[in-house]
Amino acid sequence: MSIKTRKLFDPPIVKRAIADSFLKLSPRHQIRNPVMFVVFVGSVLTSALIFVGETGITTGFIAAVAAWLWFTVLFANFAEAMAEGRGKAQADTLRRARRDTPAKKLREPRYGAAVETVSAATLRKGDVVLAEAGDLIPVDGEAIEGVASVDESAITGESAPVIRESGGDRSSVTGGTRVLSDWLVVRIGVNPGETFLDRMISMVEGAKRQKTPNEIALNILLAALTIVFLLATVTLLPFSTFGVAAAGQGTPVTVTVLCALLVCLIPTTIGGLLSAIGIAGMDRMIQQNVIAMSGRAVEAAGDVDVLLLDKTGTITLGNRQAVAFHAAEGVGERELADAAQLASLADETPEGRSVVVLAKQKHGIRERHVHEINAHFVPFTAQTRMSGVNLDGTEGGPHREIRKGAADAVEAYVKAHSGNFPAAVRTTVDGISKQGGTPLVVADSRRVLGVIELKDIVKGGMKERFADLRRMGIKTVMITGDNPLTAAAIAAEAGVDDFLAQATPETKLSLIRDYQSGGRLVAMTGDGTNDAPALAQADVAVAMNTGTQAAKEAGNMVDLDSNPTKLIEIVETGKQLLMTRGALTTFSIANDVSKYFAIIPAAFLSSYPALWGNLNIMRLSTPNSAILSAVIFNALVIIFLIPLALRGVKYRAVPADQLLRRNILIYGIGGLIVPFIGIKLIDIVLSVLAV
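FYI, in full-length UniProt numbering the residues of the sequence shown are 1 to 691.
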């Protein structure tokens, strides 16, 4: 489902959030947030004092303080409810998309077996179903037989159909998508309630959101500060009573004023917004069409300092084309082109098709079909790093074994057949590699025929994006199956920091472990079953929606668009979450410091009259107005910061030390100045209203 970006204050979401703000007043909900629970208790206590009364202050003042303490709690609830409401609205849309479809359950796991029509809700993991043209795929699973065109617009938002087939890295299918042509036999991969759509609903509405380690640590810090200020505030009453008795004049500070003082001392701003920041971070990830399996994964994306990126399709356009044939000494270019085309007849990759087309264009060699020449195609594997064709000589020629592939792989193959690898061919290979091309050597058994030159193009703007990541202290590593020379040339052109050439599943896994053993956090993408071990090892693992079920299960995020470049946006979104939390924490602590100058002199006026005249640096009109102004500002600042918490601070590709200085400058100094202005303005309004 392509997630629609909603307006920040969508009226239906606001209405729901207002109602939820009152529902969240339950003590069982409030106690989850120690900071706001203290405010909640203070609200209850001051509300009770309205009916009991206190010496030295009016009932109206107590009621005003109580009301604004309640508003502080409600505004914090509203911030959280707004963040949750956006997710709930998206979940409602997803629920409407979910339907109980009929399924063609097969009695045996093969096409043509007896079919029984059942409800999709009754299917269990391991069941096998048939999905034919026009059918909705009932539940998530993996194609085990057949090939079909599938409309996945219900999941990805893309109208163009995709091919799903058994036995490859594009075998994963998602419930709710529609088969447009042909058929698939699908083995169900999940039980009811565990489907991809169910997980999407749980994630977007935040029902299973667990606090991340950084969020837990910050909560502990805020709770510790709250306890310190609570103990300090509790001891002020006996000190005030003692001071008044010793001086023989004045009255002790009241409980209402102490409650107001405590609420202004503790970090209520970040305490009220912390949950909303975390939920909104997941919401922004969803808007990128990425489903995170936990808030921990989103936050980990912000802490990542190593990115492993596949070359093909991520750094380059991924559509390498054959551009030239370089024949070996004593071999005609037409002979090389003919052998290269034969080796590529059954190769349906863009590279393979481009070899066939180039041979036809340059030398007029007609395309032949494998079955017509009684040939046996040898598929490419990660182990052999070659493909080719075996001809049995039915056209009157001798038996031939034609191979094309990586230079070292073909060299080993030729030597195994007692042949020699010409030095001139090696020079050609090195020259193509140094220029950023990809050389494929062609051999006919023991005889090397020459080299096919493939060209790939680095995507525009990638070098600048990698430079931004480098400024943030993130190392980029390109992963490719190319030989080291080709990999080095592409890496230099793209501007990545390092590369891993001739990558295999084992070398990827080893590389990730090496970085992690050095204390680094690693992110990577993958779509195939062979990527699953590395995805499971990575700290942030983004599986492509088009990939296999094994890859999806190993990852902690799924990219619905199946765009490998999305990993960079994911890291930026995670960084933005951390930036937002850090900025608002800095602002919260700074504005608490400013509020002390307004409320402390006023709070102890009755006990120490000289304090008001000497410490009233804001020149507030009266002590009661000063206290009420601080409490009102403390509540209103939460409302004013909700848009920033939900939208996030603007992402900037800067190192951590520069970011810290910027936060201190803008949100720290700003947090000190804004309360002075805000409290003074509120005091002026209260003075006018009092008149």
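Cβ atoms here follow ideal geometry from the backbone N, Cα and C, with glycine treated the same way. Please read all numbers here as calculations on a predicted model, not as lab measurements.
Assuming contact is defined by CB atoms lying nearer than 8 angstroms, are residue i and residue j in contact in what I supplied?
i           : j      : result
MET462      : ILE570 : no
VAL451      : THR428 : yes
ASN530      : PRO505 : yes
LEU136      : GLY176 : yes
MET524      : LEU509 : no
ILE470      : ASP497 : The amino acid occupying residue 470 in the given sequence is Arg; Ile does not appear at that position. Taking 8 angstroms as the Cβ cut-off, ARG470 and ASP497 qualify as a contacting pair.
ARG652      : ILE568 : no
GLU116      : ARG107 : yes
ILE457      : ALA76  : no
PHE633      : ILE673 : no
VAL441      : VAL477 : no
residue 696 : VAL190 : The question about residue 696 has no answer, for the chain in this structure spans 1 to 691.
VAL128      : THR195 : no
VAL173      : GLY141 : yes
GLY281      : LYS575 : no
ALA83       : LEU646 : yes
Take residue i and list the residues in its own chain whose beta-carbon comes closer than 7 angstroms to its own, dropping the five residues that flank it on each side.
i      : result
ASP305 : GLY473, ILE474, LYS475, ARG520, LEU521
VAL331 : LEU449, GLY450
SER621 : ASP683, SER687
ALA501 : THR480, ASP482, ASN483, PRO484, ALA487
LEU225 : ILE266, PRO267
ALA538 : ILE512, VAL522, ALA523, MET524
LEU660 : none
PHE71  : ALA635
Residue i by DSSP, collapsed to three states: which one?
i      : result
LYS690 : Sequence inspection shows Ala at residue 690; the Lys mentioned does not correspond to that position. Helix.
LYS208 : Residue confidence for LYS208 is low, a pLDDT of 48 falling below 50, so the modelled location carries little weight; the figure read from the coordinates is stated next. Note: LYS208 maps to coil in three-state DSSP.
GLY193 : coil
ALA140 : Going by the sequence as given, residue 140 is Asp instead of Ala. Three-state result, ASP140: coil.
GLU84  : helix
ASP497 : coil
PRO675 : helix
ILE479 : strand
MET462 : helix
LEU509 : helix
ASN420 : coil
VAL115 : strand
ILE3   : Unreliable positioning characterises ILE3 in this predicted model, as indicated by a pLDDT of 47, which lies under 50. A coordinate reading is not provided.
THR314 : coil
VAL298 : helix
SER181 : strand
SER621 : coil
ALA292 : strand
PRO439 : strand
LEU336 : helix
Let me check understanding here. Comparing Cα to Cα, which of the options lies closest to residue i?
i      : options                        : result
LYS404 : ALA337, LEU69, ASP198          : ALA337
GLY271 : ALA635, GLY678, VAL356, LEU681 : ALA635
ARG187 : LEU237, ILE163, ILE144, LEU74  : ILE144
GLN287 : THR573, GLU299, SER294         : THR573
ALA217 : ASN663, MET618, THR585, ILE679 : THR585
VAL298 : GLU142, PRO213, LYS104         : PRO213
MET36  : ALA223, ALA17, VAL128, ALA67   : ALA223
ALA292 : ALA645, LEU689, ALA554         : ALA554
THR384 : ALA503, ALA133, ASN545         : ALA503
ASN663 : ALA343, ILE57, THR580          : THR580
LEU577 : TYR596, GLY526, VAL649         : VAL649
SER9   : LEU681, ALA690, GLY671, ILE642 : In the sequence under discussion, the amino acid at residue 9 is Phe, which differs from the Ser named in the question. Ranking LEU681, ALA690, GLY671, ILE642 by Cα distance to PHE9 puts ILE642 first.
PHE377 : GLN361, ALA346, ALA407         : ALA346
GLY460 : ARG164, ASN556, THR565         : THR565
Between which residues of its own chain and residue i is the CB-CB distance below 8 angstroms, once the five residues before and five after are set aside?
i      : result
ILE677 : none
LEU262 : VAL38, GLY42, PHE229, LEU230, THR233
PRO655 : ARG471, MET472, GLY473
LYS415 : PHE421
Taking 6 angstroms as the limit between beta carbons, can you name the residues of its chain near residue i, skipping five residues before and five after?
i      : result
ALA207 : At ALA207 the pLDDT is 42, less than 50, meaning the model places this residue with poor confidence; the figure from the coordinates comes in the next sentence. Here the set comprises nothing.
LYS4   : Low per-residue confidence applies at LYS4: pLDDT is 49, beneath 50, and the placement is therefore not dependable, though the value from the model is reported in the following sentence. Result list for LYS4: empty, nothing under 6 angstroms.
ALA598 : MET618, ALA626, ALA630, ILE679
*Is the stretch 318 to 328 in contact with the stretch 340 to 354, if contact means three or more CB pairs nearer than 8 angstroms?*
yes
_Would the stretch 490 to 503 count as touching the stretch 272 to 291 if we require 3 or more Cβ pairs under 8 angstroms?_
no
*Does the stretch 377 to 391 come close enough to the stretch 400 to 416 to have 3 or more Cβ pairs within less than 8 angstroms?*
yes
*Taking 8 angstroms as the threshold, find out whether the stretch 250 to 260 comes into contact with the stretch 617 to 631 through three or more Cβ pairs.*
yes
*asked:* Tell me whether the stretch 657 to 667 and the stretch 580 to 599 touch, counting them as touching only if at least three CB pairs, one residue from each stretch, are closer than 8 angstroms.
replied: yes
*asked:* Check whether the stretch 557 to 565 and the stretch 234 to 243 touch, using three or more Cβ-Cβ pairs below 8 angstroms as the test.
replied: no
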